[in-house]
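Here the structure comes first, spelled out in structure tokens, and everything after it is commentary.
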Amino acid sequence: MKKVIWIGGSPDSGKTTVAKALVRKYQMDYYDYDLYEDKHHQLMASGSKEGEIEIPSSPEDVWLHTSKENLLSWAHQSFNGRFPYVLRDLSKYQTSSTILAEGFGLTPELVFPYLDHPKDAVWIISSEEKKREMMLKRNKMNGMFNDPEKEIQAEENMLQRDLKIGSMIKEQADELGLSVIHVDKNTSIEQVYNTVEKQFERILHCY
Numbered sequence: 001m002k003k004v005i006w007i008g009g010s011p012d013s014g015k016t017t018v019a020k021a022l023v024r025k026y027q028m029d030y031y032d033y034d035l036y037e038d039k040h041h042q043l044m045a046s047g048s049k050e051g052e053i054e055i056p057s058s059p060e061d062v063w064l065h066t067s068k069e070n071l072l073s074w075a076h077q078s079f080n081g082r083f084p085y086v087l088r089d090l091s092k093y094q095t096s097s098t099i100l101a102e103g104f105g106l107t108p109e110l111v112f113p114y115l116d117h118p119k120d121a122v123w124i125i126s127s128e129e130k131k132r133e134m135m136l137k138r139n140k141m142n143g144m145f146n147d148p149e150k151e152i153q154a155e156e157n158m159l160q161r162d163l164k165i166g167s168m169i170k171e172q173a174d175e176l177g178l179s180v181i182h183v184d185k186n187t188s189i190e191q192v193y194n195t196v197e198k199q200f201e202r203i204l205h206c207y
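Be aware that the sequence shown starts at 1, since it is given in full-length UniProt numbering, and climbs by one per residue.
Laid out in structure tokens, this is it:
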């Protein structure tokens, strides 16, 4: 596989902002995991097996009528199911440059077998306080619900799922000896950028 460095982590942690800034500065190729979500899920659906969890299509069913355990299970199923397609996408890049792959489904246990060096990947995880601040700023559920109370509850359920994903990522990274950056309300995006840039200096010094 072509040379890839990886940024993963919990949603709303600043990983996309950092990834795009690094790509601009070092003129790397960028793989945006989120952009391929619909395509990958269509491919997964066409090859689905009996017994796999079926994910409801409406936001209300997903975020209001689903247990936190199932929300996490669906996320985990999506990460595992999509990763072979991620590898296929990356293999098709016609480039001699390093590729920076970024996305919250790029978990440590999936990425680890494809690392040349432990410092070729990093995960950024938000504290609950920082996560709440960013969700309020980004207003992710805007327009999905007519009832404000439903929107508030859906946002809370999403937040709790994302915190569980963050905990899962940290546990995997710790077990594999991989790097995690913790972000709280006092952490600036510049601090995160500088830490990630330092993490990747083994590769970036060639640019």
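Positions of the beta carbon are idealized from the N, C-alpha and C atoms, including for glycine.
Beta-carbon within less than 8 Å of residue 12's beta-carbon, same chain only, minus the 5 sequence neighbours each way: which residues are those?
126, 130, 131, 134, 135, 138, 162
Per the contact definition of three or more C-beta pairs closer than 8 Å, is the segment 92-111 in contact with the segment 3-11?
yes
On the CB-based measure, 16 or more other CB atoms within 10 Å of its CB, does residue 27 come out buried or exposed?
exposed
Would DSSP call residue 32 helix, strand or coil?
strand
Can you grab the Cα-Cα spacing for the pair residue 66 / residue 152, in whole Å?
15 Å
According to DSSP, residue 101 sits in a beta bridge with which residue or residues?
6, 31
How far does the beta strand (DSSP E) with residue 182 in it extend, from its first residue to its last?
179-183
To the nearest angstrom, how far is the alpha carbon of residue 76 from that of residue 114?
19 Å
Exposure label - residue 51; buried when at least 16 CB within 10 Å
Low local confidence applies: a pLDDT of 39 at residue 51 is under 50, so the model's placement there is unreliable, with the coordinate-based value given in what follows. Classification for residue 51: exposed.
List the whole-angstrom C-beta distance separating residue 173 from residue 59, where the pair is believed to meet the contact cut-off of C-beta under 8 Å.
The pair is not a contact, with the Cβ atoms about 30 Å apart (cut-off 8 Å).
Which of helix, strand or coil does DSSP assign to residue 46?
helix
Ignore the nearest five residues each way along the sequence and tell me which others in residue 42's own chain have a CB closer than 6 Å to its CB.
none
Rounded separation between residue 148 and residue 188 - CA only
31 Å
Does residue 79 come within less than 8 Å of chain D when only Cβ atoms are used?
The chain inventory of the structure shown lacks chain D, comprising one protein chain alone.
What do you reckon, are the CB atoms on residue 22 and residue 100 nearer than 8 Å?
yes
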